[in-house]
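Chains A and C supply the protein sequences, listed in that same order. If you use my numbering, the first sequence corresponds to residues 1 to 274, in order. If you use my numbering, the second sequence corresponds to residues 1001 to 1305, in order. Every residue, glycine too, gets a C-beta built ideally from N, C-alpha and C.
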Amino acid sequence: MNRFKLERKVSYIVLALIGILFLLPLLWVLFASFDPNAQQSLKIPHSFTFNNFISILTDPATLRSFVIGLIMSLGQAFLVVIVAGLAAYPLSRYQLKYKKPFMYTILFMTSLPITAVMVPVYQLFMFIKLQDSILGTMLFLTASGLPYGIWMLKNFMDAVPLELEESAWVDGASVWAGLRKIVTPLMIPGICTVAIFTFSGSWGNFFVPYILIQSPDKFPASVTIFQFFGNYGLVEYGKLAAFSLVYTFPAVILYIFSQRFMSKGFSFGGASKG
Amino acid sequence: MKTNTAVSTSVALSRSKRDHKFLRSILFLLPSWILLLIFFVGPVILTFYFSFTNLSLTGTAAQGIEFVGFQNFKVMFHDPNFRISIIKTILFLLFSAIIGQQVLGFILAVLMKEKNKTFRRIIGIIVIAGWVTPEIVVAFCWVAFLSDNGTLNTLLQSVGLKSVSWLFTFPMVSVIIANIWHGTAFSMLVYQAALDDVPKSIEEAARIDGASRLQSLIRIVLPIIKGSIVTNMVLVTLQTLGVFTLIYTMTGGGPGTATQTLPIFMYNQAFVNYQLGYGTAISLILLIIGIIASLLYIRSMKATI
Chain A
1 MNRFKLERKV SYIVLALIGI LFLLPLLWVL FASFDPNAQQ SLKIPHSFTF NNFISILTDP
61 ATLRSFVIGL IMSLGQAFLV VIVAGLAAYP LSRYQLKYKK PFMYTILFMT SLPITAVMVP
121 VYQLFMFIKL QDSILGTMLF LTASGLPYGI WMLKNFMDAV PLELEESAWV DGASVWAGLR
181 KIVTPLMIPG ICTVAIFTFS GSWGNFFVPY ILIQSPDKFP ASVTIFQFFG NYGLVEYGKL
241 AAFSLVYTFP AVILYIFSQR FMSKGFSFGG ASKG
Chain C
1001 MKTNTAVSTS VALSRSKRDH KFLRSILFLL PSWILLLIFF VGPVILTFYF SFTNLSLTGT
1061 AAQGIEFVGF QNFKVMFHDP NFRISIIKTI LFLLFSAIIG QQVLGFILAV LMKEKNKTFR
1121 RIIGIIVIAG WVTPEIVVAF CWVAFLSDNG TLNTLLQSVG LKSVSWLFTF PMVSVIIANI
1181 WHGTAFSMLV YQAALDDVPK SIEEAARIDG ASRLQSLIRI VLPIIKGSIV TNMVLVTLQT
1241 LGVFTLIYTM TGGGPGTATQ TLPIFMYNQA FVNYQLGYGT AISLILLIIG IIASLLYIRS
1301 MKATI
């Protein structure tokens, strides 16, 4: 029994240590953002200020980049849900000849690193005159989010009983109406999961817009924050931290929100990609 | 006669129904097919094609693309920078993805079992915060933590130790640790879910038979969650293979070529040296490694689906 107690104590201490090590780098952003003269090193501010946030949030160029980032990520999330939802319907409901290989191709695509195709994508965008376009970048991000969206929504749709739809058909509803009025409302958790993951993925994506967009007035927040770091990163620590915090905020809020839909999200068996 | 017509109409009906289903399937699948073809399959095919051309952003090669056969690959295999970036990529994958995130994630999941609920929650939130934070902010946090006047050096000085230029002296270790910090939560969550699925009775039976905690963990629990381990390992490897932003922001691939993994090397050749053809040849290597790992991923998923 004594040995068991010791084991327990040690494991608490180890966990606490890991927790502190994980917390330290993060604390800097929190403290520095409210510190009127923040340094690189973590320190508790002597005085407290909102000026860092105010100067970030009143800069029209920064605000514009936040709006562009929001448009791009929301647009992408919306498109992925619609397009993937449509594709999921026949994949879930009908017996198609090549369904299995198609689903495996989709699964294959979910795991392929996007980084590997960015050079040819850049060339493709030059060729079809889509370079430096917010819409073009959004479409590319949509396509890159589709495999995950189709995979998830197909599995979520499988869980909606066919009988519910059939009874609506008997009452004279069309397939389209059944999909809209019966299936979609029952899939809200799945749709939210896909939308949130898609949004967060592109909100945090720096590489794709960095390659595909050249005009500074079209940069989303992920690229302007990089530029801010390059220009002022070694001087204005407080503002960089405030910028980082504002930029991280939507990702955190959406993650907390997504927890409501993902109680079983992390076991590989069955629906989720993890 | 009457029944015959009835049968034939119902056959005709079901056929028209089937045609409807087929048409609808095509219609519903079409938007995703178009987008995937243009922006996903297209670039993959282009990667194979451009790798064999002298595509360039400047000079005469910018005007017309010429087919140059295996020229890019010949250059690549004789390029010492390529060899360096392969080694850096392997180091990054091995220590960050395969060892770091897996082991730390697993240890966290095991230690957090049967702990005080609040304590478990707090640790969970801290670790997950590093995962939810966007990659570029992760890079800022770690630059601040490891820089010459950063948190780590301040701590070292406070206990009388010398400060170290971490990002210059140990650049590879720095980016590996930052990436472990960013990615571990994913493995932790996966292993928590996997451990929750292990029936308690099995472990208890082993304990009654005299196995220690560690023994039952290694001999009993590990084999049961083998599927999750393999899948998670491949998935994390794939995610780590594509890491660009973290390294680019923290060290820019340097100092020199010290942290030049394949994505950074590819970016430098394509967009800094304007050698798109060569850059694409490098991305083809990246893509092939990705394809092999993805096939492994599907195989491992097949076992669990």
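Whether C:P1043 touches A:L124 by CB criterion (8 Å)
yes
Which bits of chain E does A:M109 rub up against, with CB to CB less than 7 Å?
The chain inventory of the structure shown lacks chain E, comprising the protein chains A and C.
Quick one: give me the first and last residue of the alpha helix (DSSP H) that A:G85 is part of.
P60 to R93
Just list the residues that DSSP pairs C:T1053 with in beta bridges.
C:F1067
Any beta-carbon of chain C closer than 8 Å to the one on A:F261?
Answer no: the Cβ-Cβ gap between A:F261 and chain C never drops below 8 Å.
Are the Cβ atoms of A:S41 and C:T1154 separated by less than 8 Å?
yes
Just to confirm, are A:T198 and A:V80 a CB contact at a threshold of 8 Å?
Their beta carbons are under 8 Å apart, which means A:T198 touches A:V80 by this criterion.
Cα-Cα separation between C:G1256 and A:S244, rounded to whole angstroms:
28 Å
Assess contact between the segment 1118-1137 of chain C and the segment 218-237 of chain A, defined as three or more Cβ pairs (one per stretch) separated by less than 8 Å. Is contact present?
yes
Can you pull the chain A residues whose beta carbon is under 9 Å from the beta carbon of C:A1044, in chain order?
Checking the sequence, you will find Val at residue 1044 of chain C rather than Ala. Ordered by position in chain A, the residues that pass the 9 Å Cβ test against C:V1044 are L112, A116, V117 and P120.
Would you kindly work out how many angstroms separate the C-alpha atoms of C:V1234 and C:F1077, rounded to a whole number?
27 Å
Is the beta carbon of C:L1238 closer than 8 Å to that of C:Y1297?
Taking 8 Å as the Cβ cut-off, C:Y1297 and C:L1238 qualify as a contacting pair.
Taking Cβ-Cβ distances below 8 Å as the criterion, which residues of the segment 147-178 of chain A are in contact with chain C?
Listed in sequence order: P147, I150 and V175.
Quick one: what's got a C-beta closer than 6 Å to A:W28's C-beta in the same chain, skipping five residues either side?
L42
Please list, in chain order, all residues of the same chain as A:F78 whose beta carbon is under 8 Å from its beta carbon, the five residues on each side excluded.
Hits under 8 Å: A195.
Own chain residues within Cβ distance below 7 Å of C:K1113, not counting five before or after
L1195
Under 8 Å, Cβ to Cβ, is there at least one residue of chain A near C:A1109?
no
Rounded to whole angstroms, what's the CA-CA distance from A:V208 to A:W176? Just pull it up for me.
Looking at the backbone, the Cα of A:V208 and that of A:W176 are separated by about 35 Å.
Length of the line joining the Cα atoms of A:Y104 and C:I1291
13 Å
Helix, strand or coil for A:I148? Go by DSSP, reduced to three states.
The sequence shown places Tyr at residue 148 of chain A, not Ile. Three-state result, A:Y148: helix.
Give, in chain order, every unbroken run of the beta strand (DSSP E) that is at least 3 residues long and sits entirely within the segment 1162-1223 of chain C.
none
State the Cα-Cα distance for the pair C:F1171 and C:K1088, rounded to the nearest angstrom.
For clarity, residue 1171 of chain C is Pro in the given sequence; the question names Phe instead. If you take the alpha carbons of C:P1171 and C:K1088, they lie about 11 Å apart.
Assigned exposure category for C:D1209 - 16 Cβ within 10 Å defines buried:
exposed
Mind checking which residues open and close the alpha helix (DSSP H) that includes A:F261?
It is not in any alpha helix (DSSP H) - A:F261 carries neither H nor E in the DSSP assignment.
Does the Cβ of A:E166 have 16 or more other Cβ atoms within 10 Å, making it buried, or fewer, making it exposed?
exposed
What residues from chain C crowd round A:Y98, counting only those whose CB sits closer than 8 Å?
Simply none; closest approach about 11 Å.
Have a look at C:I1220 and A:T224 and give me their C-alpha separation to the nearest angstrom.
51 Å
Have a look at C:S1294 and A:A32 and give me their C-alpha separation to the nearest angstrom.
41 Å
Nearest-angstrom Cβ-Cβ length linking A:V14 and C:L1111, presumed shorter than 8 Å:
6 Å
Using the rule of at least 16 other Cβ atoms within 10 Å of the residue's Cβ for burial, across every protein chain shown, is A:Y98 buried or exposed?
exposed
Tell me whether the segment 184-191 of chain A and the segment 151-164 of chain A touch, counting them as touching only if at least three CB pairs, one residue from each stretch, are closer than 8 Å.
yes
Tell me which same chain residues have a C-beta within less than 7 Å of the C-beta of C:R1083, skipping the five on either side of it?
none
Backbone CA spacing between A:K9 and C:I1224 [nearest angstrom]
27 Å
Bounding residues of the alpha helix (DSSP H) (the contiguous stretch that carries C:G1124)
Element bounds for C:G1124: K1117 to V1132.
Look at the alpha carbon of A:G204 and the alpha carbon of C:A1129, and state the distance between them as a whole number of angstroms.
14 Å
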